[in-house]
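Trainee: At the far end of the sequence shown sits residue 1091, using the UniProt record's numbering, and the numbering has no gaps.
Right, I'll just put the structure down here and ask away after.
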Amino acid sequence: MPATQFTVEEKYTYRHGLGSYHETEAVKGALPVGQNSPQNAAHGLYAEKLSGTAFTAPRSENLQSWLYRILPSVTHRAFQPAKAGLAGYPENGKPEYTQVPNQLRWRPFEASEDLDFISGLRLVAGAGDPTVKTGLAIYIYGAGKHMAAKRAFYSADGHFLIVAQQGSLDIQTEFGRLLVRPGEIAVIPRGIRYRVELPDGASRGYVLELFQGQFQLPELGPIGSCGLANPRDFQIPVACYEDDQSDWIITTKFGGRLFDAAQAHSPFDVVAWHGNYYPYKYDLGRFNTIGSISYDHPDPSIFTVLTAPSPVTGTAVADFVIFPPRWLVAEDTFRPPWYHRNTMSEFMGLITGGYDAKVGGEDGFQPGGASLHNVMAAHGPDAATFEAASTADLAPQKVGSGSMAFMFESSLMLGVTDWSLTRCQRVQEEPQVHGSQESSVQSMTLSDSIEVSQAAQEHNSPSTDRDAGFTPPGSSNYFLNLAEELHVSSESVSIATQKSMPHLVSFTQVLRQAYNWRLSNGAEGLASFIGLNQWLSIIKKYEEEIGLQYPFMDLDTIGDELKTVCLSSAMESRLITSNKEHILALLLAIVAVLENPDVSKLADTFTEKSREYAAVKSQTETVDEDTIRLLMLVSVYYFMTDRETLSWRCIGSVLRTLQELGYHNSKPHRPNFIRERTKAEKLFWSAYIMDRRWSFGTGLPFAISESDINHDVEIADDSLSSEYIRAMVAYCRISTECRSSVLCQTTSNTARDFSDFRVVEWRRNLPHFLRFDSNHAAFNPVTESRSQYRFRLLLYLRANQLRTVIRRHSIFRSGPRDVDLSSMQTAIEVACDTIRILVTVVQTSDIYQAQQKTFNHFLESSISSLLLFIAHRKDNGDSSCFEELHMAMGLVRGLAPQSCMMRKLCDKLERLKVVQAALTPKTRGHNMSVDSLVPSNNRIQGATNQPVGSHREPDSEVADPLPPAALTPASDGVACSRNCGADIPPFASGGNDVGLPDVGPKPTYATSIETPVSTQVASIPPTIRYGLHYISQGSYPPDTALSIDSEPFGESNLPSGVSEEASVEDADALPYVFFEDMQDFLEVQDSTFTF
């Protein structure tokens, strides 16, 4: 049927015919007869001309309309810069595009209930400059609410072509009303004012803004007079006015910037109009599709709905092309779109259904998502589509039923914005097409492995300048590449000799390939399919991140078995046991999730059978060590995918099984040989530590009590991993006692201080190679391994964590008005120490990013302590820990766009009123504003540099509780210390008449970088790349002493504090809402401290 069957009924009437001259009046007689501008227009109206082209444009191209309105548009006050700009545009309105030659694909974009149509616009890609009327811009919009009742918008930069994908748009324009439903498009020409309501709730879609020329129907040539989009099917609104003399705000997009002007009447007061320059809409279901009825697939230009020609004949600035349901009848023809390289850029979107040249599903091309194939970027059907089309029966076939894809095609090379490339966190890997790496992995042989090895050697050769290609933002490789670039630019000796090269294997891609292979081949044979080199990379990655910390897996034996299997003939390809197959599957899933947490759903599907197999095996009468290790891997996997309760449940079953087998005893059922006994010890104590860790994390009981374990750690070797286990077992036992004795309401100060002393002494007595010096916190790959640094860091932070829990629990033990000042002092000093260390870790390595769930616990605990202190001292003007609080908030904001786990923490913090109040200048009680903590040229971007899912209206009275990212991975050796001795020039500042943050020149300030080999100090300016801001310690306020008198923080003595009877100044002035919010947060913290 030549029309879309909409679920939302049409409620307006329209004129029909694009390019025709129309006239319409809401009041009879409002249109003048025979002239345009009579001396006195009917009904006291004002005649106003709206010109869409120059006066002298050829008659066939001249676009204009006459409007008869209650008040002329000129009756408004002066325009002033708006408080917030469009996302993706800098303050000067000139987007900084990055041209990427690779294929890009985005998962479905998100809509927010806090944004309207205009504030929900996000600049994705573009080219050209609206100030000289060249080029275009492409947006997505995601809105959850109507535009404000008294606000209208227009763009002076270009024409808006709106493609509704989800949810209807009720658009009120000066010319009348349009109802635009998914499956319809609307064009709002330059200068026409409108506002948007959402009758169906949240709405999502795409926008093409055309700076150059006009949209028009394509020439039909030999097609004849009818076909494609017929002019009569375009609908134009009829006059519909409102007589409203109240205050309105008119927002205009002008030169890439937003400006607001007030006026005392509605802009929608047009009673009548006539002309050929007007808004319109079109039902894509009415498109008359034309294709081949003999052979070969025609060029996609045959599906053009609208075009905007360039000065070059036959070449468009922009084409709007659709791929509707259609019949394919070509004989002896590959029917999907062919493989292609194009001088045009192609931005595709999917409105509904699926696209016949791309696989859909979770990791495919989905409605609400998008893709970009830039100039000469090779593209075409994916492997599955190619295989299906190459073997299909070529009977007449209807494709695309229930689907609608579209394409914005342009002759310009499109650049992408920082938001679309990094901060939106929707970029996904483009599936490989036929004949690419995917098919080569499936048939990898020994010779292929040798070639991969040779390629690796060439890659690591200093004489080879090799481009590793585009790395998806948010992955480990992405941060490694950024860190390496900073290493090189700093000219540090250690950096020049210690380059960090990304691994050759994308574990996420291997997981996808293994998943697809399993769908066809079952669970067995995974070892031989993936190949030896990739398995060795997987095992190495697992050992580095997990295995050394919990050495329950015999990775050397697994590696030997893999070598046997992968190098054997096809007849021997299934020598590995079922247990080992499932262990390999879990190892692959864990490292893939470590690399990219967003693949957790795919990993769940991939490991489903392995987890079911482990559950079944655990219920048998005899459970061997391989099954126990498999269950422990499942527990680790659950933790890495943010399901700590399932980890606790699974590891509890393991520990009880080990108890059943006698591993908790010193004699029975224990191996006699030293090597086997060491394995058994590592197995048991790894399970013990994991049980304690996840019991603390969930607040649930231990699987077995300390009294049931009658022996100490008896590991024969003195490896780094074994020493770490010994240290952690001692820590767990101290923590267990603290849990039972300190965390109760009746705990005495003596018991509290003794518990704190035990933690300090435990850290002091660690082996020297496991001790951490907070004054030298930066990671230096020249002097130590990554694993050793991580062990030292974790042990130090766990001690801080436990000290914080011990002290913080007693701060308000007797209520909000009876404050233990000694405990507060210690808790704050420890929290500040932890935050400074975490910031340094993020600046100098990717360790935080690789283990975010673990380090987030440390960060949460520290932030809650600072907020508790600030809430208590808010009326005293104390600013002692605002430096660390800002550092912590900057760290959260800096990592949130690249991490789903950090976004959860960001959302948790934003819901707390105390966070908003803590960073509000009025609450601080001192003259330093939040905006002074970041360079002035970054301040105005704060409203748009927010994590996905967090959208707040800008407020001039309240500072953004989470400042823009100031802390992101930087080069090795960049230290973060409160006592940084560098001279830091002040930031540019100033005032203006419209209440905006001043935008001064780009500030420069220094960071001291000391190399491990020499005392050379280099001053480098901060770097901004892809929107990640590298801001030095100089961006923080000067050091200020804590306001509570006590001895300096240290480990040599028990914390000395103020008397318990000391009162809190101005306690009555502290609103209880602070403690109400904080208690909700602290109850979780105190009952679920995780190490």
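Every residue, glycine too, gets a C-beta built ideally from N, C-alpha and C.
Under 8 Å between the Cβ atoms of F259 and E174?
Mentor: No, these two residues do not count as a Cβ contact at 8 Å.
Trainee: Please determine, among T657, V713 and S735, the residue with the shortest C-alpha to C-alpha distance to K682.
Mentor: Comparing Cα positions, the closest option is V713.
Trainee: When DSSP labels each residue in this structure, what does S37 get in the three-state scheme?
Mentor: In the structure shown, S37 sits in coil (DSSP, three-state: anything other than H, G, I, E or B).
Trainee: So is E331 buried or exposed if we call it buried at 16+ other beta carbons inside 10 Å?
Mentor: Exposed: under 16 other Cβ atoms inside 10 Å.
Trainee: Can you check DSSP and say which residues form a bridge with I171?
Mentor: Answer is L178 and V196.
Trainee: Around the Cβ of A78, are there at least 16 other Cβ atoms within 10 angstroms (buried) or fewer (exposed)?
Mentor: So A78 ends up on the exposed side.
Trainee: Q214 bridges to which residues according to DSSP?
Mentor: Bridge partners of Q214: none, in fact.
Trainee: So, does the CB of G291 fall closer than 8 Å to a CB anywhere in chain B?
Mentor: The structure shown contains no chain B; it is built from a single protein chain.
Trainee: Could you tell me the alpha carbon to alpha carbon distance between A42 and W66, rounded to whole angstroms?
Mentor: The straight-line gap from Cα to Cα measures roughly 14 Å.
Trainee: Taking the CB atoms as reference points, tell me whether I351 and Y550 lie closer together than 8 Å.
Mentor: No, they are not a contact pair.
Trainee: So, is E23 buried or exposed, given that buried needs 16 or more other C-beta atoms within 10 angstroms?
Mentor: So E23 ends up on the exposed side.
Trainee: Checking 8 Å against the spacing of the C-beta atoms, do I539 and G525 come in under that value?
Mentor: The answer is no: Cβ separation not under 8 Å.
Trainee: Looking at the structure shown, is V329 part of a helix, part of a strand, or coil, going by DSSP?
Mentor: It is coil, neither helix nor strand.
Trainee: At 3 residues or longer, and completely inside the region 604-670: list those beta strand (DSSP E) runs for me, N to C.
Mentor: Complete beta strand (DSSP E) runs here, min 3: none at all.
Trainee: Measure the alpha-carbon distance for V839 versus I171 and round it to whole angstroms.
Mentor: V839 and I171: Cα-Cα distance of roughly 47 Å.
Trainee: Name, in chain order, the residues that DSSP records as bridge partners for N288.
Mentor: Looking at the DSSP assignment, N288 forms a beta bridge with L228.
Trainee: Does D624 pass the burial test, meaning 16 or more other C-beta atoms within 10 Å, or should it be called exposed?
Mentor: Exposed, by the Cβ-count rule.
Trainee: So Y277 packs on P189, CB below 8 Å; how close in whole Å?
Mentor: The Cβ separation is near 6 Å, so the contact holds.
Trainee: With DSSP run on the structure shown, which of helix, strand or coil describes P130?
Mentor: Here P130 sits in helix by DSSP.
Trainee: Do you know offhand how far L532's Cα is from S600's?
Mentor: One C-alpha to the other measures close to 24 Å.
Trainee: Is there contact between the region 295-309 and the region 188-203, where contact requires at least three CB pairs shorter than 8 Å?
Mentor: The region 295-309 is not in contact with the region 188-203.
Trainee: Starting from A370, follow the alpha helix (DSSP H) in both directions and report where the run begins and ends.
Mentor: Where A370 is concerned, there is no enclosing alpha helix (DSSP H), although the beta strand (DSSP E) it sits in stretches over A370 to H373.
Trainee: For F234, collect the residues of the same chain with a Cβ closer than 6 Å to its Cβ; drop the 5 residues on either side in sequence, then sort them by chain order.
Mentor: Once the five neighbours on either side are set aside, the close Cβ partners of F234 are L18, Y280 and Y282.
Trainee: Q437 to V100, Cα distance in whole Å?
Mentor: Residue placement at Q437 is flagged as unreliable, the pLDDT there being 37, under the threshold of 50; a coordinate-derived value is accordingly withheld.
Trainee: Using only the alpha-carbon positions, how far apart do V805 and R798 sit?
Mentor: So the two alpha carbons sit approximately 11 Å from each other.
Trainee: Which residue from F791, Q659, C732 and H664 puts its Cα closest to that of S721?
Mentor: That would be F791, whose Cα lies nearest to the Cα of S721.
Trainee: As a quick exercise: from E346, I835 and F606, pick the residue whose alpha carbon is nearest that of I322.
Mentor: The shortest C-alpha separation from I322 is found at E346.
Trainee: So who's on the other strand from I140, going by DSSP bridges?
Mentor: DSSP output for I140 lists R122 and Y206 as bridge partner(s).
Trainee: When you compare each of G415, S403, W338 and Y206 to G126 by their alpha carbons, which one comes out closest?
Mentor: Nearest option by C-alpha distance: G415.
Trainee: Please classify A148 as buried or exposed, where buried requires at least 16 other C-beta atoms within 10 Å of its C-beta.
Mentor: A148 comes out exposed.
Trainee: So residue 1092 and L115 are in contact, right, with Cβ under 8 Å, and what is the actual spacing, rounded?
Mentor: Residue 1092 falls outside the range modelled here, since the chain spans only 1 to 1091, and no answer is possible.
Trainee: Between which two residues does the alpha helix (DSSP H) containing W517 stretch?
Mentor: Here the alpha helix (DSSP H) through W517 covers F507 to N521.
Trainee: If we ignore side chains and look at the alpha-carbon of each, how far apart do P2 and V238 end up?
Mentor: Roughly 24 Å separates the two Cα atoms.
Trainee: Give the DSSP bridge partners of S112, in chain order.
Mentor: Note: S112 sits in a beta bridge opposite A143.
Trainee: Spatial neighbours of I530 within its chain, please: CB distance less than 7 Å, with the 5 preceding and 5 following residues excluded, ordered by chain position.
Mentor: Contacts found: V510 and A514.
Trainee: What would DSSP say about Q852, mapped onto helix, strand or coil?
Mentor: Helix, per DSSP.
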